[in-house]
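Take a look at the structure set out below.
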Amino acid sequence: MCEAVIQAGVALGLPRRDDLNGIDQEGIGYFPTTIKHGRRVSAARAFLTPIKRRPNLTILTDATVTRILFKGTRAVGVACAVNDTLREFRGEREVMLCAGALQSPKILQLSGIGRADHLRSLKIPVICDSPGVGANLRDHFGLRLHYPVLRASGYNPRLRRLRLWMSALQYLISRTGVLSTAASKVGAFVRAIPGASRPDAELSIDIPGTGQIASLSTLQCAVRSLRPESQGSVVIRSADPTAPPAIHANFLSAEYDRQLTVHMVRYARRLLRQATLPKFIGEETFPVPD
Ligand SMILES: Cc1cc2nc3c(=O)[nH]c(=O)nc-3n(C[C@H](O)[C@H](O)[C@H](O)COP(=O)(O)OP(=O)(O)OC[C@H]3O[C@@H](n4cnc5c(N)ncnc54)[C@H](O)[C@@H]3O)c2cc1C
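Structural data, given as structure tokens:
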């Protein structure tokens, strides 16, 4: 069925790619996955585990950074809650903040870098008035189209009831089978808006997808924008580091994102109507054609 989806893309004019992360982005093919001996490999296992013993490296887990420490306007370390104790760590050269798209702006604001009036309203001393911090959140909004799988079995039956146990046994014995694979097998980077100069959308074809495992086999085609223009925000609501920030995704607030979404759905429908596929999938069941 995956091959039929890839052939459908080729019929639409997409180049078949052996490496979707290659130099030319446009195309369709199997997603690369970080799976070794049937197990998903995390970034920590891939990159940290092999160098754990280096004398110049200390890995500290269960430690929550509460703020960056400054000398004037220069970052010199971090304050950290470790097992309910507040500890300070100082850097000789530099402090690199890489707490992700949501937590990095939160830590900056807690440390006094953000919109000055907002920080003052929370009684946080201002190190730098930087209104852009937390103000440019972009997430690749996506939708999923659903199609019933007709002939090939898909994954779902092998993830339910007795066959789930068989899948588990197969996995335990040989680290193969449905439990050793990724949910999303086939991906495509496409120009959904006619005339676009480079790909503007990502399609991922999941069998059955990452949601609840349905009793019937479903093919899901997710469409996601590559360069969303809608801007959301991440703003702290309190000087308490344990309080979650207010997150506003602001999806589809930009006209470009709305137009692109319409074109992405149309593109996915064209792809899944190609001649290679009708014997495998039925009519769209979600969001339904009208
Ligand atoms: C559901 C999902 C699916 C995705 N699928 C893909 C995919 O298929 N391919 C792909 O390329 N990308 C994918 N991404 C995106 C990818 O995961 C991110 O782009 C990437 O992980 C970002 O890396 P990062 O190091 O910037 O942040 P993160 O991976 O978010 O790492 C931030 C780290 O900081 C830690 N942290 C946060 N706050 C603190 C604090 N106060 N103190 C101490 N530590 C803290 C967090 O625990 C986390 O470990 C996916 C993302 C999601 C959410």
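For the sequence shown, position 36 matches number 35 in numbering that gives the first Met the number 0, and the numbering has no gaps at all. Yeah, the Cβ is synthetic: ideal placement off N, Cα and C, and Gly gets one too.
Whether or not the region 242 to 256 and the region 131 to 139 are in contact is what I'm after, with contact meaning three or more pairs of Cβ atoms, one per stretch, closer than 8 Å; do they touch?
Cβ pair count under 8 Å is three or more, so yes.
My understanding is that glycine 12 touches alanine 187, with C-beta atoms under 8 Å, so please give their C-beta distance in whole angstroms.
Indexing the sequence shown from 1 puts residue 12 at position 13. Indexing the sequence shown from 1 puts residue 187 at position 188. At roughly 11 Å, the Cβ-Cβ gap does not stay under 8 Å, so glycine 12 and alanine 187 are not in contact.
Can you grab the Cα-Cα spacing for the pair leucine 142 / glutamate 91, in whole Å?
Residue numbering aside, residue 142 sits at position 143 when the sequence shown is read from its first letter. Residue numbering aside, residue 91 sits at position 92 when the sequence shown is read from its first letter. Taking the straight line from one Cα to the other gives about 46 Å.
Specify whether the region 99 to 106 and the region 189 to 198 touch according to this definition: at least 3 beta carbon pairs, one from each stretch, less than 8 Å apart.
Touching, no, given that fewer than three Cβ pairs across the two stretches are closer than 8 Å.
Taking 7 Å as the threshold (C-beta atoms), are arginine 174 and histidine 36 in contact?
One-based indexing of the sequence shown puts residue 36 at position 37. One-based indexing of the sequence shown puts residue 174 at position 175. Yes. Within cutoff.
Mind the definition here: the region 223 to 235 touches the region 153 to 168 only if three or more C-beta pairs lie below 8 Å; say whether that holds.
In short, these stretches do not touch, since the Cβ pair count stays below three.
CB of glutamine 102 to nearest heavy atom of ligand 1: below 6 Å?
Start at 1 with the first residue of the sequence shown, and residue 102 comes out as number 103. Answer for glutamine 102: yes, Cβ within range of ligand 1.
When DSSP builds the beta bridges, which residues end up paired with histidine 247?
Locating residue 247 in the sequence shown gives position 248, where the first residue counts as 1. Ser232, per the DSSP bridge assignment.
Any chance the region 66 to 74 sits against the region 36 to 51, with 3 or more Cβ pairs inside 8 Å?
Output reads no: the region 36 to 51 does not touch the region 66 to 74.
How many whole angstroms separate the CB atoms of tyrosine 170 and leucine 178, which I take to be in contact at a CB cut-off of 8 Å?
Within the sequence shown, the letter at position 171 stands for residue 170. Within the sequence shown, the letter at position 179 stands for residue 178. Contact holds; Cβ gap of about 4 Å.
When you compare the CB positions of leucine 202 and alanine 7, do they come within less than 7 Å of one another, or not?
Counting from 1 along the sequence shown, the entry for residue 202 is found at position 203. Counting from 1 along the sequence shown, the entry for residue 7 is found at position 8. No, Cβ-Cβ distance for leucine 202 and alanine 7 is not below 7 Å.
Shortest alpha-carbon distance to alanine 115 belongs to which of Ile172, Ala267 and Pro130?
As a first step, residue 115 is located in the sequence shown; it is residue number 116 there, counting from the start. For the residues Ile172, Ala267 and Pro130, the minimum Cα distance to alanine 115 belongs to Pro130.
State the start and end residues of the unbroken alpha helix (DSSP H) segment that holds valine 77.
Translated into the one-based positions of the sequence shown, residue 77 becomes position 78. Where valine 77 is concerned, there is no enclosing alpha helix (DSSP H), although the beta strand (DSSP E) it sits in stretches over 73 to 81.
Just mark alanine 191 as buried or exposed, buried being the case when its beta carbon has 16 or more other beta carbons within 10 Å.
Here residue 191 refers to the residue found at position 192 of the sequence shown. Its Cβ being crowded by 16 or more others within 10 Å, alanine 191 is buried.
Please report the distance separating the alpha-carbon of alanine 274 from that of isoleucine 212.
In the sequence shown, the residue the question calls residue 274 occupies position 275. In the sequence shown, the residue the question calls residue 212 occupies position 213. Alanine 274 and isoleucine 212: Cα-Cα distance of roughly 28 Å.
Check each candidate in Arg66, Val234, Leu85 and Arg53 and name the one with the smallest Cα separation from leucine 109.
Taking the sequence shown and counting its residues from 1, one reaches residue 109 at position 110. Leucine 109 has its Cα closest to that of Arg66, out of Arg66, Val234, Leu85 and Arg53.
Between which residues of its own chain and alanine 98 is the CB-CB distance below 6 Å, once the five residues before and five after are set aside?
Counting from one through the sequence shown, the residue named residue 98 turns up at place 99. Counting only Cβ-Cβ distances below 6 Å, and skipping sequence neighbours, we find Ile106.
Any idea if leucine 20 is buried or exposed, counting beta-carbon neighbours within 10 angstroms, 16 or more meaning buried?
Residue 20 sits at position 21 when you count from the first residue of the sequence shown. Here the sequence assigns asparagine to residue 20, which means leucine is not the residue at that position. Classification for asparagine 20: exposed.
What span of residues does the alpha helix (DSSP H) with arginine 162 cover, start to end?
As a first step, residue 162 must be located in the sequence shown, where it is residue number 163. 160 to 173 is the extent of the alpha helix (DSSP H) around arginine 162.
Sort out for me which residues DSSP pairs glycine 113 with in a bridge.
Stepping through the sequence shown from its first residue, residue 113 is reached at position 114. DSSP output for glycine 113 lists Asp128 as bridge partner(s).
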